[in-house]
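Chains as they are written, first to last, in full-length UniProt numbering: chain A, 1 to 243; chain B, 1 to 243.
So the structure is just underneath, and the comments pick up after that.
2 protein chains.
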Amino acid sequence: MLHPHLPSDERLPAYLRLRDALAARIAAGEWGPDAVLPSENALARDHHLSVGTVRKAVQHLVDEGLLERRQGSGTYLRKPAFDATLFRFFQMQTPGEDGQSIPKSQLIARVRVTPPAPVAAILGTADTIRIDRLRSLSGRPILAEEIYVPASRFPGLETIAAHDLGPLLYPVYYDRFGIFVARAIDDVSFATADAGTAALLGITEGDPVAEIERTAFTIDGTAIEWRIARGNARNFRYRSRIG
Amino acid sequence: MLHPHLPSDERLPAYLRLRDALAARIAAGEWGPDAVLPSENALARDHHLSVGTVRKAVQHLVDEGLLERRQGSGTYLRKPAFDATLFRFFQMQTPGEDGQSIPKSQLIARVRVTPPAPVAAILGTADTIRIDRLRSLSGRPILAEEIYVPASRFPGLETIAAHDLGPLLYPVYYDRFGIFVARAIDDVSFATADAGTAALLGITEGDPVAEIERTAFTIDGTAIEWRIARGNARNFRYRSRIG
DNA sequence: TAGTGGTCTAGACCACGCG
DNA sequence: GCGTGGTCTAGACCACTAT
């Protein structure tokens with residue numbers, strides 16, 4: 001539901017109420033990955049709506065990136081490799097590399113921590129799991145990541161076998177915890193490396209680094225992850241599409 | 001039209017053909033800014049379509065950012081302050097400023113030039129107009145811009161009275177040349193200031209600068225502008241929404 | 001009050017996929 | 001061949017804007 005504290009079915013149009021109802025069932029995990037949803041005819045029958053109205057509700061969820069239609073086959077959950085967007089943007093200027101490949105990920109630490117106050121404010125809790133990773137391409141470290149998620153929404157994440165955490169984290173959120181990252185905001189800025197970051201990235205303390213701070217949100221607008229990624233500013237490139 | 005070299009009306013669905021027809025009339029300047037388009041009923045009658053089909057065509061153009069619906073009033077051209085996005089992102093960390101205001105613009109030079117080869121390749125021509133501007137907020141320079149557009153598409157741009165060029169360029173493209181910027185790609189990276197940039201920005205040669213390279217596109221995918229903006233890296237912040 | 005866009009219906013036929 | 005989503009119709013009523 002988009003407004004968990006509101007009844008959602010005030011006097012909204014039928015297609016919005018159906019969209020919310022479907023989003024809630026999706027969020028509840030009623031259909032696993034690659035499951036086919038009820039057909040539009042079935043939804044129309046069950047909700048006493050015309051097919052046109054059902055199509056409008058489904059189209060909303062498609063536009064929001066939750067669902068995927070396959071003509072002749074059915075409507076499915078979409079499981080995007082969302083994490084890859086960070087690296088579709090973060091194109092390291094390696095000659096001969098196109099920057100589209102996903103970097104390897106090396107797990108450095110996972111701990112239950114009280115995060116910095118601003119992060120606690122964003123996530124709405126001081127009980128978080130922190131994940132530190134080093135990501136590298138062609139054997140060279142390019143990005144040091146520091147990730148915070150609310151412990152209550154990710155029970156056991158800090159003890160999942162490391163090999164179950166692939167280079168992409170958002171599919172893990174989805175598959176193991178039913179949490180779908182729908183949106184994110186990135187803030188790119190410039191800083192200098194502290195000793196720890198410098199050691200990880202193989203540069204010198206005080207060298208310029210680029211910082212990407214990302215807040216990720218679920219479909220209902222809850223902040224579900226905050227992370228900061230640091231890379232050598234000298235071969236940094238962040239790409240963004242507008243409009 | 002989306003595919004100017006194709007007849008566009010092959011055997012496409014009716015709503016797509018109507019969308020293309022409307023886009024062509026918009027591009028031809030049939031309705032000026034703030035003009036009201038024919039009502040959905042009128043379009044349905046004229047094109048021998050049902051209102052539902054017309055609505056789908058119009059909705060496409062709304063989604064693409066060309067049109068804007070106002071219930072009870074009509075459908076209008078949208079004239080977005082698109083240029084402002086650069087500065088919605090480029091939030092200088094000035095205490096007490098929210099970073100949302102649009103910087104003043106000081107025109108430095110306008111010349112007909114052969115651009116650097118990569119820019120010529122992107123724009124598809126070596127005959128361009130280059131515009132240099134310095135943008136400042138609260139009297140302090142924050143961004144030096146270097147802008148290239150194809151001369152053939154902007155006849156007379158280099159001689160337009162300077163006071164007709166406001167802080168926002170994209171509305172000028174639209175109002176004077178009928179060119180609508182629909183999309184852009186930004187590439188953010190870091191470099192060091194050369195003497196000219198340093199002088200403009202009031203920093204020292206060799207200081208770190210952030211560089212935003214932007215390629216802007218029309219609705220049919222033609223690159224219509226390339227620009228590079230440079231600012232002091234130390235109080236730089238670029239914000240991007242994903243998903 | 002007249003006209004606009006917003007929602008919704010109850011059908012129809014088509015294009016596609018899959019067994 | 002059957003069921004799916006994709007397109008389209010010809011209406012209806014509602015909510016809103018402008019006069």
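The beta carbon of each residue, even a glycine, is placed where N, CA and C say it ideally should be.
Of the other Cβ atoms in all chains shown, fewer than 16 fall within 10 Å of the Cβ of V51 of chain B; this residue is therefore exposed. Chain-order list of chain B residues neighbouring A229 of chain A: empty, with the shortest C-beta distance near 13 angstroms, by a criterion of under 7 angstroms.
Bridge partners of W31 of chain A according to DSSP: none are assigned. In the DSSP assignment, Q106 of chain B falls outside any alpha helix (DSSP H) and within the unbroken beta strand (DSSP E) covering K104 to V113. Between the stretch 174-187 of chain A and the stretch 15-24 of chain B, the count of Cβ pairs shorter than 8 angstroms is below three; the stretches do not touch.
A Cβ of chain A is located within less than 7 angstroms of the beta carbon of Y238 of chain B. T125 of chain A and E225 of chain A have their C-alpha atoms some 11 angstroms from each other.
Going by beta carbons, D132 of chain A and A151 of chain A fall outside the 7 angstroms limit. Annotation: the stretch 16-68 of chain B contains the following complete segments of the alpha helix (DSSP H) (minimum length 4 residues), in chain order: 40-47 and 51-63. Look at the stretch 183-216 of chain A: the residues with a C-beta under 7 angstroms from a C-beta of chain B are R183, A184, I185, D186, D187, V188, S189, F190, P208 and A210. Chain-ordered listing is empty here: chain A has no CB closer than 8 angstroms to the CB of R55 of chain B, the nearest sitting near 11 angstroms. The C-beta separation of T204 of chain A from R230 of chain A comes to about 14 angstroms, leaving the pair out of contact by the 8 angstroms criterion.
Straight-line spacing of the CA atoms in L168 of chain B and G65 of chain A works out to 32 angstroms. For T114 of chain A, the number of other beta carbons within 10 angstroms of its own is below 16, and it is reported as exposed.
Distances from the CA of T222 of chain B to each of B:A121, B:L143, B:A21 and B:E68 were compared; the closest alpha carbon is that of B:A121.
Separation of N41 of chain A and H48 of chain A (C-alpha to C-alpha, rounded to the nearest whole angstrom) is 10 angstroms. Under the DSSP assignment, R135 of chain B falls in the beta strand (DSSP E) whose first and last residues are T128 to L137.
Inclusion of L200 of chain A and A162 of chain A in the CB contact set at 7 angstroms is not warranted, their separation being larger than that value. In the structure shown, A198 of chain B falls within a helical segment according to DSSP collapsed to helix, strand and coil. G206 of chain A and S73 of chain A have their C-alpha atoms spaced approximately 56 angstroms apart. R227 of chain B and R214 of chain B do touch by the CB rule: their CB atoms are close to 5 angstroms apart, below 8 angstroms.
Checking the DSSP bridge columns, you'll see F190 of chain A partnered with A:A210. Contact between P208 of chain B and F190 of chain A holds, since their C-beta atoms are separated by about 6 angstroms, short of 8 angstroms. Residues R214 and A216 of the same chain have their beta carbon placed closer than 6 angstroms to that of A184 of chain A, with the five preceding and five following residues left out of the count. Closest in alpha carbon position to A21 of chain A, among A:T218, A:L134 and A:A57, is A:A57.
Here L165 of chain A has L107 and V172 as same chain residues with Cβ atoms under 7 angstroms from its own Cβ, once five neighbours each way along the sequence are excluded. None of the residues of the stretch 146-159 of chain A has a beta carbon lying less than 8 angstroms from any beta carbon of chain B. Taking a beta-carbon distance threshold of 7 angstroms, A233 of chain B counts as an interface residue toward chain A.
Within the stretch 117-140 of chain A, no residue places its CB atom closer than 9 angstroms to a CB of chain B. Against chain A, a Cβ distance below 7 angstroms from R69 of chain B picks out nothing, because the smallest value is about 15 angstroms. Here the alpha carbons of T192 of chain B and R69 of chain B stand approximately 46 angstroms from one another. Counting only the Cα atoms, Y238 of chain B lies some 19 angstroms from P118 of chain A. Nearest Cα to W31 of chain A within the set A:L67, A:P155, A:Y170 and A:A109: A:L67. Identification of chain A residues near R19 of chain B by a Cβ-Cβ cut-off of 7 angstroms yields none; the smallest Cβ-Cβ distance measures about 16 angstroms. With a threshold of 7 angstroms between beta carbons, R110 of chain B makes no contact with chain A.
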